[in-house]
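Residue numbers (our numbering), protein chains in the order written: chain A, 1 to 282; chain B, 1 to 391; chain C, 1 to 322. For reference, the structure is listed below as structure tokens.
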Amino acid sequence: MSATTSTSRLSPPAAILRHAVLLATGALILVPFVWMASLSVKPPGEIFRASFSFWPAQFYGVENYTKAMTEVPLPRYMGNGLVVCVLILGVQILVCAPCAYALAKLHFLGRDLLFGLVLVGLLLPHQVLSLPLFILGYQLGILNTYAALVFPYVVSPFGIFLFRQFFKTIPDDVVHAARLDGLSEIAIVWKIMVPMALPAVVAFSIFSVVSHWNDLFWPLIAVRDQSLMPPPLGIMAFKNEEAGNDYGPLMAASTLVVLPLLIAFLAAQKWFVEGLTGGAVK
Amino acid sequence: MASVLIDSIRKNYGTASVLRGVSLSIADGEFLTLLGPSGCGKSTLLRILAGLEAQDAGSLSIGGRAVEGLRPKLRDVAMVFQSYALYPHMTVASNMALPLRMRRLSVFQRLPLLGHLLPATARIAAEIDVEVTRTAKSLGIGHLLARKPGQLSGGQRQRVAVGRAMVRHPAVFLMDEPLSNLDAKLRVQMRAEIKELHQRLGVTFLYVTHDQAEAMTLSDRVAVMLDGELLQVAPPQDIYADPDDRRVAEFIGSPKINMLEGVVRERGLIDVAGATITIEADAPAGAHLTLGIRPEAFHLADHGGQGVLTGSVRMIEHMGSDLFVHLDLAGIDQPLIARLLAERAPHIAPGQTLHVGVRPDRVLLFARDGRRLHRQAESGRASVTPIREGA
Amino acid sequence: MSAPLSLSDTSEEESATRGVRISSAASPARRRALAEALAAWTLAGPAVFFLLVLFFLPVLGVFVIALTDWQFGARSLSFIGLANFRQVFADAVFRASLLNTVVYVLIVVPGTVILALLIALLIESGKSCRSFYRAVHFLPFMATLTAMAIAWEALLHPTIGLVNQALAGLGLPTANWLRDENTALPVLAVIGIWQNLGYAMVLFLAGLKGIPQDLYDAADVDGADLWLDRLRTVTLPMLGPVSMFVVIVVALRAFESFDTVKVLTQGGPGHASEVLLYTLYRESFEYLRTGYGAAVAVVFLAIVVTLTLVQVRFMDRKVHYQ
Numbered sequence: 001m002s003a004t005t006s007t008s009r010l011s012p013p014a015a016i017l018r019h020a021v022l023l024a025t026g027a028l029i030l031v032p033f034v035w036m037a038s039l040s041v042k043p044p045g046e047i048f049r050a051s052f053s054f055w056p057a058q059f060y061g062v063e064n065y066t067k068a069m070t071e072v073p074l075p076r077y078m079g080n081g082l083v084v085c086v087l088i089l090g091v092q093i094l095v096c097a098p099c100a101y102a103l104a105k106l107h108f109l110g111r112d113l114l115f116g117l118v119l120v121g122l123l124l125p126h127q128v129l130s131l132p133l134f135i136l137g138y139q140l141g142i143l144n145t146y147a148a149l150v151f152p153y154v155v156s157p158f159g160i161f162l163f164r165q166f167f168k169t170i171p172d173d174v175v176h177a178a179r180l181d182g183l184s185e186i187a188i189v190w191k192i193m194v195p196m197a198l199p200a201v202v203a204f205s206i207f208s209v210v211s212h213w214n215d216l217f218w219p220l221i222a223v224r225d226q227s228l229m230p231p232p233l234g235i236m237a238f239k240n241e242e243a244g245n246d247y248g249p250l251m252a253a254s255t256l257v258v259l260p261l262l263i264a265f266l267a268a269q270k271w272f273v274e275g276l277t278g279g280a281v282k
Numbered sequence: 001m002a003s004v005l006i007d008s009i010r011k012n013y014g015t016a017s018v019l020r021g022v023s024l025s026i027a028d029g030e031f032l033t034l035l036g037p038s039g040c041g042k043s044t045l046l047r048i049l050a051g052l053e054a055q056d057a058g059s060l061s062i063g064g065r066a067v068e069g070l071r072p073k074l075r076d077v078a079m080v081f082q083s084y085a086l087y088p089h090m091t092v093a094s095n096m097a098l099p100l101r102m103r104r105l106s107v108f109q110r111l112p113l114l115g116h117l118l119p120a121t122a123r124i125a126a127e128i129d130v131e132v133t134r135t136a137k138s139l140g141i142g143h144l145l146a147r148k149p150g151q152l153s154g155g156q157r158q159r160v161a162v163g164r165a166m167v168r169h170p171a172v173f174l175m176d177e178p179l180s181n182l183d184a185k186l187r188v189q190m191r192a193e194i195k196e197l198h199q200r201l202g203v204t205f206l207y208v209t210h211d212q213a214e215a216m217t218l219s220d221r222v223a224v225m226l227d228g229e230l231l232q233v234a235p236p237q238d239i240y241a242d243p244d245d246r247r248v249a250e251f252i253g254s255p256k257i258n259m260l261e262g263v264v265r266e267r268g269l270i271d272v273a274g275a276t277i278t279i280e281a282d283a284p285a286g287a288h289l290t291l292g293i294r295p296e297a298f299h300l301a302d303h304g305g306q307g308v309l310t311g312s313v314r315m316i317e318h319m320g321s322d323l324f325v326h327l328d329l330a331g332i333d334q335p336l337i338a339r340l341l342a343e344r345a346p347h348i349a350p351g352q353t354l355h356v357g358v359r360p361d362r363v364l365l366f367a368r369d370g371r372r373l374h375r376q377a378e379s380g381r382a383s384v385t386p387i388r389e390g391a
Numbered sequence: 001m002s003a004p005l006s007l008s009d010t011s012e013e014e015s016a017t018r019g020v021r022i023s024s025a026a027s028p029a030r031r032r033a034l035a036e037a038l039a040a041w042t043l044a045g046p047a048v049f050f051l052l053v054l055f056f057l058p059v060l061g062v063f064v065i066a067l068t069d070w071q072f073g074a075r076s077l078s079f080i081g082l083a084n085f086r087q088v089f090a091d092a093v094f095r096a097s098l099l100n101t102v103v104y105v106l107i108v109v110p111g112t113v114i115l116a117l118l119i120a121l122l123i124e125s126g127k128s129c130r131s132f133y134r135a136v137h138f139l140p141f142m143a144t145l146t147a148m149a150i151a152w153e154a155l156l157h158p159t160i161g162l163v164n165q166a167l168a169g170l171g172l173p174t175a176n177w178l179r180d181e182n183t184a185l186p187v188l189a190v191i192g193i194w195q196n197l198g199y200a201m202v203l204f205l206a207g208l209k210g211i212p213q214d215l216y217d218a219a220d221v222d223g224a225d226l227w228l229d230r231l232r233t234v235t236l237p238m239l240g241p242v243s244m245f246v247v248i249v250v251a252l253r254a255f256e257s258f259d260t261v262k263v264l265t266q267g268g269p270g271h272a273s274e275v276l277l278y279t280l281y282r283e284s285f286e287y288l289r290t291g292y293g294a295a296v297a298v299v300f301l302a303i304v305v306t307l308t309l310v311q312v313r314f315m316d317r318k319v320h321y322q
């Protein structure tokens with residue numbers, strides 16, 4: 001982009017119009033967030049008053065948030081989410097990176113077939129698999145445990161694909177040099193390839209954590225116990241219990257569920273955008 | 001057709017100064033090449049002339065008309081880009097027709113479907129078609145009109161880019177490294193075609209390249225550019241044989257010119273690398289000078305003596321008709337490179353001691369600041385003065 | 001990322017992969033190839049195992065179950081051929097669900113793609129505040145949809161919701177958006193657009209960045225220097241492949257929408273907002289009509305795979321452009 005191209009620079013009225021439109025669409029996009037945050041600090045009386053203001057007359061945030069944290073096991077939900085996301089991500093990297101290395105750098109009979117399997121796996125929507133996976137979980141007797149939340153995701157075709165693409169950009173000579181230095185193949189994966197592919201690892205981690213923190217479909221099937229519920233499922237249960245009468249704490253809980261990813265996103269915007277849209281190669 | 005006047009153009013990107021007051025005048029119909037290493041500002045100057053970027057200071061005129069602030073469309077220039085910048089979704093014919101459509105059809109006539117309903121559209125479009133076909137035929141790409149750029153070879157794309165520039169008969173052709181994406185063989189061929197094109201069209205060409213061979217073969221004059229400054233503007237043979245500046249001498253020529261440090265012993269004698277050369281230098285005794293000697297200025301000598309350098313052979317490169325002999329001279333780090341005729345120097349081996357003579361009239365003298373010092377004998381001869389800042 | 005403890009030991013692994021004894025008749029080259037193949041399959045082993053068990057067996061399973069009358073928990077089952085599929089397509093609820101899904105996709109895709117393109121063009125047309133605008137518009141895509149659906153419910157609340165209050169304030173008609181069979185599905189689609197907009201926008205922004213500046217320069221010199229001419233000569237044609245890609249990806253995401261339906265409408269009122277994935281979920285896991293649910297899954301899979309294959313074909317087309 002040349003900043004100085006006379007024709008590509010906006011005239012002042014056009015620049016103002018650009019800001020006006022984008023601020024307007026941006027504001028519309030933010031309405032649900034703002035409304036959620038606003039209700040989360042209002043007392044019930046104000047919420048049900050038929051007039052609106054974003055800032056409460058009486059600040060009721062402490063009460064609402066305390067209620068959200070104590071009346072429902074929200075900290076437990078968030079902890080579950082964290083445990084599940086970390087477990088899934090850790091196992092995915094452990095399983096996917098060596099396979100991606102084999103696909104990217106080793107020559108062997110069946111490589112194309114294996115890569116074909118990965119591509120087909122990439123194409124399958126996970127919800128279609130839920131029924132047999134549910135039955136599998138039932139047979140293994142692990143339904144309604146953390147294992148049930150984790151096991152369908154231990155291998156990620158997207159992870160294999162992404163790592164393979166990245167590993168392929170690392171010159172073969174790096175691998176050859178490592179072998180001459182006496183590293184075993186598995187050591188090459190963990191000591192050479194994965195550290196060199198850190199951007200791909202970060203992108204994939206964001207993709208994986210965001211997808212599983214936000215997932216509702218599979219937890220809904222896999223667990224029944226409140227003590228095992230990840231945040232989306234927990235907050236849905238909370239909503240069903242309250243049946244729409246206690247908006248303040250419900251909004252406070254929603255805010256708390258959304259907040260961790262939002263903060264992480266604002267702190268590392270570039271990485272998030274890359275990680276989540278890198279998934280578009282799918 | 002038009003002359004081009006560039007006056008004291010300056011351009012900064014942030015704190016980096018890309019053009020430091022460049023002035024240049026190009027005659028109507030002249031082929032002028034801007035030659036310099038990458039990053040010297042030559043492309044920026046071209047883009048400023050085209051109107052794709054704006055200068056921070058200085059003025060421009062094309063054909064006697066000041067073009068500051070004019071949109072590229074109104075400057076009557078055409079440009080061939082290094083990447084060709086062909087529109088990948090359009091056929092060759094549409095690519096070439098675009099500049100004409102944009103100029104001859106009104107905004108309404110260009111509307112997708114509606115435009116066809118307007119009265120003159122069909123007639124103008126037909127005229128454009130005829131001109132595009134004629135231009136394409138003259139470039140030997142008449143049979144490619146229905147293809148898309150993706151289906152063409154590098155050379156064909158290059159011709160289409162030239163055709164798109166040619167079709168509207170601009171006053172000035174701007175070419176930004178148009179040959180650098182071609183392989184070596186094709187580059188030589190297209191070089192000849194561009195030269196022919198210039199002769200046929202007779203319009204002003206401003207050509208940017210980092211390749212000295214292109215600059216030397218194509219140009220009426222070459223402007224050597226370094227670090228945002230023009231060092232010398234002169235015909236190709238003068239740029240080579242009669243450089244004004246040490247940097248020009250070092251940039252032009254391959255292998256590179258030999259630069260030896262020397263001291264004026266007395267009038268007419270210079271000590272260099274353990275030898276003495278007879279040159280009438282325009283410098284007092286005791287002055288330190290740099291002697292620039294092109295590799296081909298050496299000839300084989302039987303023994304040492306005045307005007308003869310002696311060294312031991314480090315390495316020999318066989319180039320067919322010539323040999324490049326690398327000589328280590330006492331007290332000099334860089335080896336001296338001498339280009340000798342192979343048939344005259346059959347028995348040279350590494351380690352051997354070799355004497356090479358220099359013709360004094362082939363030695364270029366430079367002051368410590370890089371300025372060229374002319375020999376007494378030629379001091380009367382005028383050389384082309386480089387146009388410098390404020391000149 | 002730390003290595004798994006047992007495998008990171010260099011010398012152990014060395015003997016496992018390299019030191020394999022292969023019949024002495026084999027040439028060194030052949031032995032080397034075998035050792036490499038063995039190493040490769042060892043490394044890929046866990047992934048291969050889990051791919052087979054967690055992806056390919058289940059897919060096979062879905063097809064097989066779809067041919068049976070099995071109900072989850074039942075001790076016996078029998079193969080009934082394509083009866084499930086006949087039943088699925090004869091079922092008014094499924095047909096409504098399929099139709100709803102198509103309508104939903106037909107609202108979400110154009111809405112998302114057009115708005116995202118406009119916003120991306122606007123963001124890219126200036127230099128200031130680019131990443132701020134990008135962040136704001138991208139926010140919904142990564143916010144937990146279940147939680148945001150609850151926020152939407154509050155917004156759309158018939159009496160205390162901001163939407164109705166604002167409409168009433170402007171003197172416009174209000175509605176019970178999520179409980180009215182005429183509005184439930186379109187409202188869900190609006191939420192879908194809201195959620196996917198930023199995603200499509202980011203893809204368009206990447207596409208816009210990929211357009212070589214040279215082409216804009218050439219357009220300038222050629223005289224196509226008005227905003228609309230530049231758009232028509234360079235921007236839109238160069239975005240063609242990206243746009244096709246965005247359409248398919250957004251369509252896939254729209255087909256797979258579930259969270260908002262589950263949280264906000266449970267497919268109601270009536271079956272006005274029932275979509276395929278919700279039908280799949282309810283039949284399989286609430287009604288435990290396993291065979292029937294599997295048949296729905298097969299239909300769903302067929303649609304998604306078709307869309308993906310269309311996308312792959314278009315991605316191939318992209319290569320021809322350059």
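Where a beta carbon is used, it is the ideal one built from N, C-alpha and C, also for glycine.
Check                                                                                                                                                                : Outcome
I'd like to know whether the C-beta of Ala294/C is nearer than 8 Å to at least one C-beta of chain B.                                                                : no
Do the segment 78-87 of chain C and the segment 134-154 of chain A touch if we need at least three Cβ pairs shorter than 8 Å?                                        : no
If we require 4 or more residues per run, which alpha helix (DSSP H) segments fall completely within the segment 69-129 of chain A?                                  : 74-105 and 111-123
Looking at Ala349/B and the ligand PLP, is the gap between the Cβ and the nearest heavy atom below 7 Å?                                                              : The model on display carries no ligand, and the ligand PLP is accordingly not part of it.
Do you know how far the Cα of Val203/B is from the Cα of Ala283/B?                                                                                                   : 45 Å
So with CB distances below 8 Å, who are the chain C contacts of Trp218/A?                                                                                            : By Cβ distance, chain C contributes nothing, its closest Cβ being about 10 Å from Trp218/A, past 8 Å.
DSSP beta-bridge partners for Thr443/B?                                                                                                                              : Absent from the structure is residue 443/B, since the part of chain B shown begins at 1 and ends at 391.
Spatial neighbours of Thr290/C within its chain, please: C-beta separation below 7 Å, excluding the five flanking residues on both sides.                            : Ile65, Trp70, Gln71, Phe72 and Ser284
Buried or exposed: which applies to Ile9/B, given that a residue is buried once 16 or more other Cβ atoms fall within 10 Å of its Cβ?                                : buried
Have a look at Glu261/B and Gly274/B and give me their C-alpha separation to the nearest angstrom.                                                                   : 11 Å
Taking the C-alpha atoms as reference points, what is the distance between Val105/C and Ala143/C?                                                                    : 21 Å
For Gly210/C, decide whether its Cβ has a neighbour in chain B, counting only Cβ atoms nearer than 8 Å.                                                              : no
If you measure beta-carbon to beta-carbon, which residues of the segment 224-246 of chain C are closer than 9 Å to chain A?                                          : Asp225, Leu226, Trp227, Arg230, Phe245 and Val246
Scan the segment 197-279 of chain A and note each continuous alpha helix (DSSP H) run of 4 residues or more that stays entirely inside, going in chain order.        : 198-214, 217-222, 231-242, 247-267 and 269-278
Kindly indicate which residue of Val233/B, Met90/B and Val162/B has the alpha-carbon position closest to the one of Ser83/B.                                         : Val162/B
Using a Cβ-Cβ cut-off of 6 Å (strictly less than) and excluding sequence neighbours within five positions of Val189/A, which residues of its own chain qualify?      : Ala97, Pro98 and Tyr101
Report back the beta-carbon spacing between Met251/A and Ser11/A to the nearest angstrom; my notes put them in contact at under 8 Å.                                 : About 43 Å; that fails the 8 Å criterion.
Against chain A, does Leu280/C count as a neighbour if the rule is that its beta carbon must be under 8 Å from one of theirs?                                        : yes
Using the Cβ count rule (16 or more neighbours within 10 Å means buried), how would you classify Arg168/B?                                                           : buried
As an exercise, report each continuous alpha helix (DSSP H) stretch of at least 4 residues that is fully enclosed by the segment 122-191 of chain C, in chain order. : 130-142, 145-155 and 162-169
Just how far apart, CA to CA, sit Ala122/B and Val273/A?                                                                                                             : 48 Å
Measure the C-alpha to C-alpha separation of Lys191/A and Leu230/B and round it to an integer number of angstroms.                                                   : 52 Å
Do Leu174/B and Ile194/B come within 8 Å of each other at the CB atom, strictly closer than that value?                                                              : no
DSSP state of Ile114/C, grouped into three classes?                                                                                                                  : helix
Verify whether the separation of the beta carbon atoms of Leu289/B and Val356/B is less than 8 Å.                                                                    : no
Using the Cα positions of Leu145/B and Leu98/B, report the straight-line distance between them to the nearest angstrom.                                              : 13 Å
Would you say Phe265/A lies against chain C (beta-carbon separation less than 8 Å)?                                                                                  : yes
Excluding five sequence neighbours on each side, which residues of the same chain lie with their C-beta closer than 6 Å to the C-beta of Ile170/A?                   : Met196
Tell me which same chain residues have a C-beta within less than 7 Å of the C-beta of Val109/C, skipping the five on either side of it?                              : Val247, Val250, Ala251 and Ala254
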